[in-house]
Amino acid sequence: PPEIEPFTFGDNLREGSRTRVVCGILRGDLPIRLSWLKDGSHLLNGQSSGDSGLQIASVDDFSSLLTISNLRF
């Protein structure tokens with residue numbers, strides 16, 4: 002099975018600020034499908050979600066970038 006590289010969000014995030022995190026696969030064979038979920042719903046590559054500016058993008062075959070341009074708690 003694929004092995005996901007551990008990732009975390011920063012400790013000093015504030016509402017209204019932005020952040021990003023990369024999910025990477027350390028081990029595993031293609032094809033691999035990475036997906037992000039928000040509130041139990043899958044997000045699609047390049048999809049934006051409301052005022053939070055939530056967006057994901059495929060970096061390469063083994064990593065995906067999640068960007069949140071307006072953090073809301």
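According to my numbering, the residues represented by the sequence shown are 2 to 74, in order. Just so you know, even glycine gets a beta-carbon here, dropped at the ideal spot from N, CA and C.
**Message:** Report the CB separation of Ser59 from Ile26 in whole angstroms; it is logged as a contact under 8 Å.
**Reply:** Within the sequence shown, numbered from 1, the residue matching residue 59 stands at position 58. Within the sequence shown, numbered from 1, the residue matching residue 26 stands at position 25. Here Ser59 is actually not in contact with Ile26; their C-beta atoms are around 12 Å apart, not less than 8 Å.
**Request:** Could you have a look at Glu4 and say whether DSSP puts it in helix, strand or coil?
**Result:** Translated into positions along the sequence shown, residue 4 becomes position 3. For Glu4, the three-state secondary structure derived from DSSP is strand.
**Item:** When Cys24, Phe8, Leu55 and Asp30 are compared against Ser42, the one with the closest alpha-carbon
**Value:** The residue labelled residue 42 in the question sits at position 41 within the sequence shown. Shortest Cα-Cα distance from Ser42 to any of Cys24, Phe8, Leu55 and Asp30 involves Leu55.
**Prompt:** Given that a residue counts as buried once 16 or more other Cβ atoms are within 10 Å of its Cβ, and exposed if not, what is Ile57?
**Reply:** On the sequence shown, position 56 is the one that residue 57 refers to. It is buried - the Cβ of Ile57 has at least 16 other Cβ atoms within 10 Å.
**Item:** Nearest neighbour of Glu4, chosen from Leu67, Cys24 and Leu72 [CA to CA]
**Value:** Sequence index remark: in the sequence shown, residue 4 carries index 3 (1-based). Closest option to Glu4, judged by alpha-carbon separation, among Leu67, Cys24 and Leu72: Cys24.
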